[in-house]
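The numbers in the sequence shown follow UniProt numbering, run straight up by one, and end at 159. Ideal placement from N, C-alpha and C gives every residue a C-beta, glycine not left out. Written below as structure tokens is the structure these notes are about.
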Amino acid sequence: MLKKKITGLYFSGTCPKGYKKYRAVCYKLFNERKSFSEAAKTCQAGGGTLAMPRDDRINAFLLTLMNEEDISHGIWFGLHDRVQEGYWKWIDGTPLNTWTAGYRDWAPGQPNSERGDDDCAAYSSDLWYDLNCRYKESFICEIVLPDTSGVKQFQIQPL
Ligand SMILES: [Ca+2]
Ligand SMILES: [Ca+2]
């Protein structure tokens, strides 16, 4: 039973291959172009979600990841207003404005829901833009590491 329980956990706060850790979360930039929904599915398949830069420090960390590569198109992250126009939510369902006084880093004039169907958020030139969710862009996934105190507790148990 215990064996089943630990399947999929990452011991000692180690990120899966290709992911980089910031605080207790692992992030990876996927430099392959997918629609927002396809990108979200790819993140889920890896046990995570699209990245959620809920404050300026996470946002700054994601910018360092993006600046390691030369990407001239958009990069999806986990924010959208697909459910209700103008009502932005993180991909886990929490409203944008409930986090750190609604931290956001929209480019000037964004979100503008150009042509009425820009419902997904992407980085472009280091700032946030709302784009058409069907556009194929790169994307950033995140995986939240398990509670390390729980993992430690398991590790010291005899087999
Ligand atoms: Ca919109
Ligand atoms: Ca826009």
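- Message: Quick check: what's the CA-CA separation for Tyr-123 versus Leu-79?
- Response: 11 Å
- Query: Roughly how many angstroms separate the alpha carbons of Asp-105 and Trp-88, rounded to a whole number?
  - Reply: 13 Å
- Task: Consult DSSP for Gln-84 and reduce its assignment to one of helix, strand or coil.
- Result: coil
- On the three-state DSSP scale, how would you describe Leu-50? strand
- Query: How should Glu-142 be labelled, buried or exposed, when 16 other C-beta atoms within 10 angstroms of its C-beta is the threshold for buried?
  - Reply: buried
- Message: Using CA atoms only, rank isn't needed, just tell me which of Leu-131, Gln-110, Gly-109 and Tyr-19 is closest to Asp-117.
- Response: Leu-131
- Mind reading off the beta-carbon distance from Ala-40 to Ile-91? Whole number of angstroms is fine, and I expect it under 8 Å. 6 Å
- Message: Let me check you understand the geometry: is the CB of Asp-81 closer than 7 Å to at least one non-hydrogen atom of ligand 1?
- Response: yes
- Message: Can you check which of these residues, Thr-42, Gly-47 and Ala-107, is closest to Ser-138 by C-alpha distance?
- Response: Thr-42
- CA nearest to the CA of Phe-30, picked from Asp-147, Leu-50, Arg-23 and Pro-111: Leu-50
- Item | Assigned secondary structure, residue 167 (DSSP; H/G/I helix, E/B strand, else coil) | The structure shown does not extend to residue 167, since the chain is modelled only from 1 through 159, so no value can be given for it.
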